[in-house]
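Only one structure is covered here, and it is reproduced in the block below.
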Amino acid sequence: SYSELMALPNSQLDTTYWLPWYNNVALDTQLRIGNVSGSTATVRIYIGGNEVPDSPITLPPGASTRKSYPGVDSGPVQIVSSQAIVVAERVIYKVNNVNTSYSELMALPNSQLSTTYWLPWYDNVNADTQLRFANVSTSAATVQVFIGGQQMVGSPFNLPAGGSTRKSFAGINGGPVMIVSTQNLVAAERIIYKVNNVNTSYSEMMALPNGQLNTTHWLPWYNNVDLSTELRIGNATNSVTSVQVFIGGVQVAGSPFNVPANQSVQKTFAGVNNGLVRIVGNQNIVVSERMIYKVNNVNTSLSELMALPNS
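Written as structure tokens, this is what we have:
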């Protein structure tokens with residue numbers, strides 16, 4: 624299995640973090656919490672609005688801990704600390720009760736909460752893909768989901784205060800994904816990857832808050848030699864955008880290229896194994912990197928991570 628997640632910029636550190644779901648029934652799921660301050664932190668954890676049994680926990684300065692809660696399958700997850708912390712959720716996926724895949728995603732800092740989120744792609748044809756979102760407010764929310772500029776069947780739908788839901792859209796393979804709510808949400812995309820129609824891999828990444836949309840995005844590495852790596856670029860505007868891709872300071876073959884309004888593209892660059900990666904548009908875009916990992920030249924695992932906006 625292969626997994627990659629983006630590190631959290633220092634300016635986004637917070638005392639409160641959110642995740643849309645926690646599943647320690649079908650999966651082996653662990654919260655990872657690090658105290659980045661110089662003082663002891665008191666940390667409380669709530670899942671589905673209920674404080675977990677060993678909460679609050681005490682975390683010394685510069686210390687980290689890992690926490691699991693057997694039998695819990697609910698959301699949202701709220702982690703609240705008296706000091707600045709950093710939080711991630713680690714998932715081990717099982718097939719026929721055998722561990723097969725590992726994924727990790729960063730929790731969303733409270734200061735980054737938004738009513739609108741973006742993802743570059745949604746594929747429920749070649750993979751089993753599910754959107755997960757939670758209403759983190761104290762009021763009922765009306766939520767709309769658009770993929771490739773088209774509103775999905777069943778949208779809009781209602782989400783009670785403090786409620787979480789999981790949504791799949793059969794036969795949809797496109798982007799970008801826009802999730803719009805009347806109240807603050809936290810949102811993620813979960814992918815189960817299949818090989819020969821057998822579930823083999825689990826990946827999850829957090830959706831990008833609307834306030835973080837940018838014309839320029841960064842990734843530390845691109846490897847299309849040992850892995851099958853694809854950039855996914857979504858145009859989050861109503862105008863055509865021209866996009867340039869630079870890897871290791873060199874513009875790649877085929878760049879620049881156009882991405883139509885409210886549409887996404889997938890791009891691969893054969894034989895490239897280098898960094899860093901810079902993606903530049905003349906309109907706001909959302910970008911991720913999808914990697915397929917091979918063992919003995921057989922596809923075994925899919926991982927996707929969001930590129931970092933320049934801001």
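934 is the number that the numbering used here gives the last residue of the sequence shown; the numbers go up by one with no jumps.
C-beta: ideal position from N, C-alpha, C; glycine also.
Here the structure is a predicted model, which means the values were calculated and not measured.
Excluding its 5 nearest sequence neighbours in each direction, A930 has C-beta neighbours in its own chain below 7 Å: H840, W841, L842, I902, V910, S911, E912, listed in chain order.
Q706 is positioned such that its CB atom lies no closer than 8 Å to that of S778.
In terms of CA proximity to V766, L808 leads the group G797, G794, L808, I908.
When beta bridges are read from the DSSP output, G772 appears opposite no residue. A direct Cα-to-Cα measurement between V868 and I814 gives close to 26 Å. By the Cβ-count criterion, A730 is buried, with 16 or more other Cβ atoms from all chains shown falling within 10 Å of its own Cβ. Going by DSSP, M801 is part of the beta strand (DSSP E) stretching over 800–818. Around the beta-carbon of D637, 16 or more other beta-carbon atoms lie within 10 Å, marking it buried. Under the three-state reduction of DSSP, Q886 is assigned to coil, being neither helix nor strand. By the 16-neighbour rule on beta-carbons within 10 angstroms, N749 is exposed.
Taking a contact as a CB-CB distance under 8 Å, the pair N647 and Y716 does not count as one, their CB atoms being some 12 Å apart. Shown here for T739: same chain residues with a beta carbon closer than 6 Å to its own, the five before and five after excluded, namely V803, N833 in chain order. Counting the other Cβ atoms within 10 Å of the Cβ of P683 gives fewer than 16, which makes it exposed. Between P799 and N858, the C-beta gap is smaller than 8 Å, which places the two residues in contact. Note on the stretch 637–696: whole beta strand (DSSP E) runs with a minimum of 3 residues are 637–642, 650–658, 664–670, 680–682, 687–690, in chain order.
Distance from the CA of G672 to the CA of G785, rounded to the nearest whole angstrom, comes to 7 Å. In terms of Cα proximity to S787, the closest of L754, Q774, G772 is L754. Taken through DSSP and simplified to helix, strand or coil, S760 comes out as coil.
The stretch 719–730 makes contact with the stretch 821–828, as at least three CB pairs between them are under 8 Å.
Taking D849 as reference, the option from A893, A664, F792, E927 with the minimal CA-CA separation is A893.
DSSP links S824 through a beta bridge to Y816. 8 Å or more divides the Cβ of L836 from the Cβ of W744. Assignment of S934 by DSSP, reduced to helix, strand and coil, places it in the coil class. Out of Y640, Q806, T805, I770, the CA that lies nearest to the CA of F792 is found in I770.
Excluding residues up to 5 positions away in sequence, A763, A764, T765, V766 lie with their Cβ nearer than 8 Å to the Cβ of N781 in the same chain. Following the DSSP letters along the chain, one finds Q906 inside the beta strand (DSSP E) bounded by residues 900–918.
For S624, the secondary structure class from DSSP, reduced to helix, strand or coil, is coil. Inter-residue distance for I856 and Q735 is about 22 Å (C-alpha atoms, whole angstroms).
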